[in-house]
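Engineer:
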Amino acid sequence: MLQKVLTWGSLAIAVIAAFTDAIPMVPLILVVLGLIGGFMNPLEDVGTRVAYYVLAAALPTIANSLDAIPVLGGYANSILDNVAITIAGIALANFLLALYNNTMAAGNDD
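If you read the sequence shown in our numbering, its first letter stands for residue 837, the second for the next number, and so on.
1) What are the boundary residues of the alpha helix (DSSP H) that includes ALA942?
2) Can you list, in chain order, the residues of its chain whose CB lies under 7 Å from that of ILE926, leaving out five sequence neighbours each side?
3) Reducing DSSP to helix, strand and coil, say where MET861 ends up.
4) Of all the options THR922, LEU908, ALA920, ASN877, which has the alpha carbon lying nearest to the alpha carbon of PHE855?
5) Determine, using beta carbons only, whether LEU847 and ASN930 come nearer to each other than 8 Å.
6) For the putative contact between ALA899 and LEU916, defined by C-beta atoms under 8 Å, what is the C-beta separation to the nearest angstrom?
7) Pick out whichever of ALA924, ALA942, PRO860 has its Cα sitting closest to the Cα of ALA893.
8) Sorted by chain position, which residues of the same chain lie with C-beta nearer than 8 Å to LEU933's C-beta, five sequence neighbours on each side aside?
9) Among LEU866, ALA912, ILE859, whose alpha-carbon lies nearest the alpha-carbon of THR843?
10) Where does ASN900 fall in DSSP's three states?
11) Determine the DSSP secondary structure at THR843, reduced to helix, strand or coil.
Shown next, in the form of structure tokens:
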């Protein structure tokens, strides 16, 4: 249930922020929501984690091409940029969890 709230909440904030400046500190809010989601629902599969890393890095670059679309392209670019911030939070949380787990496993090899 919490994962659904985080997902829909971050998507709503990403869309609203594309059309208005009424929400202060949008990137901070989105990355915190991503971090919470990443820590609450860790990605166990290495391939999925790598896909999140690549998506977080590549999505803003891909979204920039949407600026070529008249009228709506800028909004679509902004929405995808905001979604990428949330994905980056999820990716960062999963990276930190993997780093922690690997460090703990290495410490037990005595």
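Backbone N, C-alpha and C fix where the C-beta goes; we use that ideal spot for every residue, glycine too.
Because the structure is a prediction, the values reported are computed rather than measured.
Structural biologist: Judging by the given coordinates:
1) 909-943
2) GLY870, GLY873, GLY874, TYR888
3) coil
4) LEU908
5) no
6) 4 Å
7) ALA924
8) Excluding sequence neighbours, LEU933 sits near GLY874, PHE875, PRO878.
9) LEU866
10) helix
11) helix
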